[in-house]
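First the structure, in the form of structure tokens, and then the observations on it.
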Amino acid sequence: MTKKGYKLTEAHKKAIGDAQRGENNNNWQTDIKDMSIGTIHKRVRMIKLKPVDGKCEYCHKVKSKYGITKLHLVNIRDHYYTLNPDDYQYMHPACHIEHQNISREKRKSQLDYWLRQQTINLKSK
2 MTKKGYKLTE AHKKAIGDAQ RGENNNNWQT DIKDMSIGTI HKRVRMIKLK PVDGKCEYCH
62 KVKSKYGITK LHLVNIRDHY YTLNPDDYQY MHPACHIEHQ NISREKRKSQ LDYWLRQQTI
122 NLKSK
């Protein structure tokens with residue numbers, strides 16, 4: 002006997018959809034190494050919601066210096082991706098770029114320092 006012609010109730014449709022959500026889904030990945038950056042950000046967005054007041058967590062203003070109110074979810078741990086919501090902040094696009102430039106300069110200065118140390122060590126040998 003087939004169910005052709007029978008209509009599903011809204012409750013039944015919702016139950017079918019809910020059965021495949023989250024960890025019950027066949028495509029759910031548990032190892033962070035297998036996840037794309039987009040998937041990681043999507044999961045963190047489910048845990049850490051946008052601020053209710055709409056303020057950037059970097060400059061603490063509703064609008065950026067260009068008048069933009071949009072907020073990006075930004076990793077603040079030097080691109081070491083985790084599912085910990087404390088490692089992310091909501092920022093304006095301009096603040097996001099500023100934060101990236103500061104962290105890039107910080108990494109570059111650390112690399113320059115390391116290279117200088119290696120050069121000094123080679124000269125002393």
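Heads up: the sequence shown begins at 2 in our numbering, then just goes up one per residue.
For every residue, glycine included, the Cβ atom is placed at its ideal position computed from N, Cα and C.
Computed from a predicted structure; not experimentally measured.
- Query: Of the choices ARG117, LYS109 and ILE103, whose alpha-carbon is the least far from that of TYR59?
  - Reply: ILE103
- Query: Taking C-beta to C-beta, are TYR91 and LYS51 nearer than 7 angstroms?
  - Reply: yes
- Message: Does ASN76 pass the burial test, meaning 16 or more other C-beta atoms within 10 Å, or should it be called exposed?
- Response: buried
- Would you kindly report the start and end of the unbroken alpha helix (DSSP H) that includes MET47? 38-48
- Burial state of LEU72, where buried means 16 or more other Cβ atoms lie within 10 Å: buried
- Message: Contact between the segment 38-58 and the segment 82-97 is defined here as three or more beta-carbon pairs at a separation below 8 angstroms; is this criterion met?
- Response: yes
- Query: What is the C-beta distance between ILE33 and TYR82, in whole angstroms, given that I count them as a contact (C-beta under 8 angstroms)?
  - Reply: 7 angstroms
- Message: In this structure, how does DSSP classify LEU116 when only helix, strand and coil are distinguished?
- Response: helix
- Per DSSP, cross-strand counterpart(s) of LEU74: TYR91
- Message: Am I right that HIS42 and LEU84 are in contact with their C-beta atoms under 8 angstroms? What's the rounded C-beta distance?
- Response: No, HIS42 and LEU84 are not in contact; Cβ-Cβ is about 10 angstroms, not under 8 angstroms.
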